[in-house]
Amino acid sequence: MIEIPSDLHKDLVPLAFLLGDWAGAGVHDFPGAEKCNFGQEVSFTHDGRNFLEYHSRTWVLDKDGNKVKPLESESGFWRIDADRKVEVTMTRNDGVVEIWYGELAAGKPQIDLVTDAVARTAGSRPYSGGKRLYGYVKGDLMWVGEKQTPEVALRPYMSAQLKKVVTPEEVERWAKSLPDDLPDDGIAFFK
Numbered sequence: 001m002i003e004i005p006s007d008l009h010k011d012l013v014p015l016a017f018l019l020g021d022w023a024g025a026g027v028h029d030f031p032g033a034e035k036c037n038f039g040q041e042v043s044f045t046h047d048g049r050n051f052l053e054y055h056s057r058t059w060v061l062d063k064d065g066n067k068v069k070p071l072e073s074e075s076g077f078w079r080i081d082a083d084r085k086v087e088v089t090m091t092r093n094d095g096v097v098e099i100w101y102g103e104l105a106a107g108k109p110q111i112d113l114v115t116d117a118v119a120r121t122a123g124s125r126p127y128s129g130g131k132r133l134y135g136y137v138k139g140d141l142m143w144v145g146e147k148q149t150p151e152v153a154l155r156p157y158m159s160a161q162l163k164k165v166v167t168p169e170e171v172e173r174w175a176k177s178l179p180d181d182l183p184d185d186g187i188a189f190f191k
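Position 155, counted from 1, in the sequence shown is what the UniProt record's numbering calls 155; the numbers after and before it change by one each time, with no gaps.
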């Protein structure tokens, strides 16, 4: 269920499906790096202004799903204009700053992004650009990232499926909004 907060800036309504905390797992595979499964936590928040604030942390998972070590962290700001054009500014822990441009698909919660500008610190690994696809599918946030370097052509390198994290306060609020005439036995509810 997509909720639109009453204090969300009107320009951001098309991006409301991103709001909240998300957690899940995915796969990382790029030449020159360790192929692994990873865990991820993502947060999209707002404060009433015309942007979403974004934070993501990933970490390598062992074969039992335990956290082994940090993988990547990034943070940034997402905006959308009246023509459904999306712009993202992003900073990553490896010394890369990116500007992404893309578009919200017509009639579905899907965003395609491509890098427009990349700046790197002297100590960062080679990187020359990327593409990302985000989609809201059956209540999950799914994404795939592609990247390229001077030595490696654009190719997929990370993808994940994330579930919405529900807080106890949200559960309480939803429970209070249920109708008073629900069946008592629990079984009749599903008939």
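Note that beta-carbon positions come from the ideal geometry of N, C-alpha and C, so glycine has one too.
Check                                                                                                                                                    : Outcome
Where in the segment 63–123 do unbroken runs of the beta strand (DSSP E), each at least 3 residues long, occur, reported from the N-terminal end onward? : 67–80, 85–92, 96–104, 110–120
Here's the rule: buried if 16 or more other CB atoms are within 10 angstroms of the residue's CB, otherwise exposed. What is residue 130?                : buried
Based on Cα-Cα distance, which residue from 69, 35, 7 lies nearest to residue 46?                                                                        : 7
Where do the ends of the beta strand (DSSP E) carrying residue 144 lie?                                                                                  : 140–148
Is it buried or exposed, residue 58, if we count other Cβ atoms within 10 angstroms and call 16 or more buried?                                          : buried
Alpha carbon to alpha carbon, how far is residue 135 from residue 19?                                                                                    : 13 Å
Going by other Cβ atoms of all chains shown within 10 Å of its Cβ, with 16 needed for buried, is residue 76 buried or exposed?                           : buried
Secondary structure at residue 156, three-state DSSP: helix, strand or coil?                                                                             : strand
Helix, strand or coil for residue 15? Go by DSSP, reduced to three states.                                                                               : helix
Quick test of your reading: residue 22 and residue 163, contact by CB under 8 Å. State the CB separation rounded to the nearest angstrom.                : 7 Å
Apply the 10 Å Cβ neighbour rule to residue 39 and answer buried if 16 or more other Cβ atoms are within range, or exposed otherwise.                    : buried
Please state if the CB of residue 157 and the CB of residue 30 are separated by a distance shorter than 8 Å.                                             : yes
Could you compute how far the alpha carbon of residue 142 sits from the alpha carbon of residue 123?                                                     : 31 Å
Where does residue 10 sit, in a helix, a strand or coil, going by DSSP?                                                                                  : helix
With DSSP collapsed to three states, give me the class of residue 34.                                                                                    : coil
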